[in-house]
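To keep things clear, I will list the structure first and then write my remarks on it.
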Amino acid sequence: MATADRFRDIIHLELGARSYDIQVRRGLLQDVGIELTRLRCSGKVGVVTDRNLAAHYLKPVARVLKASGYNVVPIVLPPGERTKTLRSIGTVMDALVEARFERSSTLLALGGGVIGDITGFAAAIYQRGIPFVQVPTSLVAQVDSSVGGKTGVDHPKGKNLIGAFNQPRAVLIDPATLRTLPEREWIAGLAEVIKYGVIEDEEFFKYVERHMPAILALSDAPVTHIVKRSCEIKARVVSEDEHEADRRRILNFGHTIGHALESIGGYRGLIHGEAVAVGMVYEADLARHLGYCDQAVVTRLRTLIEAAGLPVRIPNVPFRALWDAMQQDKKVSAGTVYCVVPERIGSVRIVPLAKEETRAWYATIRTGSTGSRQRNSSRTQPR
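If you want it as structure tokens, here you go:
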């Protein structure tokens, strides 16, 4: 089980021998060297980051690591989702071989979700596995991608199709890094925060509703709270289902449509959080159409997403293109697309989607129809 230590700002993710702590504390970036020593890391540390983050954090992080006795090897990649490829993995591999990294050496992911995913995958395959530590600097990474051990890269035909489960030694979160995020990326991260309220915790959803103005203003207390609570929820879900066999799939709410939209746009249009925001609105509306929830759920969700400044309208995408992209998703099983749909705020279920009834729903959102039908319980799947 995942547990939280309110006094030390630590969330423990229990996975037996792969267990680790998630620390959430302002100023934690200054103690990265101390934390790696506490984790018994030694020797070389490869700091993987991107050009944008390097300008803010590479020198200070390298300085504190060197002060703790580490030999620092910077590995700087281009920014953006389009960097998340096997070619970038090759770049990291080349740097590790050139610097003669050993199995006792460590990788440190200093950046957002793209950097974390690349670093974790590289750590999984270099010499069949070396330790890595997550130091997420974006909201999406802090509340979602840094926790749980999913690592990997994209394929031109689908997102996250190549990768491995690889748990970090620790996740070190300094919410102060969010102040250097571009506004678009900061707001995009709020989609994942809202997601946690929908799938698991209505009280948290209410908190975000009440405090959205303060959150958008980057007020310290509410921002730290939403990061910690999001990590607590994800850690609990992951501790119950590490490899996404069942329960962990609820974390994909908004991602079936969201990932498809990213893929269709060639990772040049909507960024991840924006695509998830749109995906949540339309997966909720699909749930309404199929009879799993009422209109009030859709309206409440859309209202909060709009209040965050996130997009709520799906791009003009033909159904065939959307369905084909959804078919490439890693959540497809035996050719069937599965989707997480809300029953109410705080509770979701996983259901298979039939192509023709999904097409019928898609036609209604183009015409503005709001008709729905009763659910067929024999076609659903329990949480």
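Quick note on numbering: the sequence shown equals residues 1218 to 1600 in our numbering.
Beta carbons: idealized from backbone N, C-alpha and C, even for Gly.
Computed from a predicted structure; not experimentally measured.
Check, Outcome
"Any non-hydrogen atom of the ligand FMN within 7 Å of Ile1562 CB", "Only the bare structure without any ligand can be found here, which leaves the ligand FMN out of the picture."
"Beta-ladder partner(s) of Pro1291, from DSSP", "Val1264"
"Cβ neighbours of Glu1523 in the same chain (closer than 7 Å, five flanking residues each side left out)", "Val1529"
"Cutoff 6 Å; reference Tyr1287; Cβ partners in own chain excluding five residues on either side", "Val1262"
"Under the three-state DSSP convention, the category Phe1224 falls into", "Note on Phe1224: pLDDT 39, under 50, position unreliable in the model; the coordinate value appears next. In this structure, Phe1224 counts as coil in the three-state DSSP scheme."
"Three-state secondary structure (DSSP) of Asp1391", "coil"
"C-beta atoms of Leu1327 and Val1278 nearer than 8 Å", "yes"
"Arg1566 - partner residues in DSSP beta bridges", "Val1558"
"Neighbourhood of Ala1284 by C-beta, 8 Å cutoff - its chain only, sequence neighbours within 5 removed", "Gly1250"
"Sub-8 Å separation of Ala1387 and Val1357 beta-carbons", "no"
"7 Å Cβ shell around His1372 - same chain, five flanking residues per side excluded", "Leu1378, Ile1379"
"Helix, strand or coil at Thr1597 according to DSSP, with G and I counted as helix", "Residue placement at Thr1597 cannot be trusted, given a pLDDT of 37 that sits under 50; what the coordinates show is reported in the next sentence. Coil."
"Buried versus exposed, by CB contacts within 10 Å (16 or more), Ser1321", "exposed"
"Every unbroken beta strand (DSSP E) inside the region 1457 to 1532 [3 residues or more]", "none"
"Alpha-carbon to alpha-carbon, Ile1582 and Asp1222", "Residue placement at Asp1222 cannot be trusted, given a pLDDT of 46 that sits under 50; the coordinates are not used to answer."
"Beta bridge counterpart(s) of His1372 as assigned by DSSP", "Gly1375"
"Proximity below 8 Å, CB of His1273 to CB of Thr1397", "yes"
"N-terminal and C-terminal residue of the alpha helix (DSSP H) that Gln1344 is part of", "Element bounds for Gln1344: n/a, residue is neither H nor E."
"Sequence-distant residues of the same chain with beta carbon closer than 8 Å to Arg1243, five excluded per side", "Asp1391, Pro1392, Ala1393, Asp1437, Thr1441"
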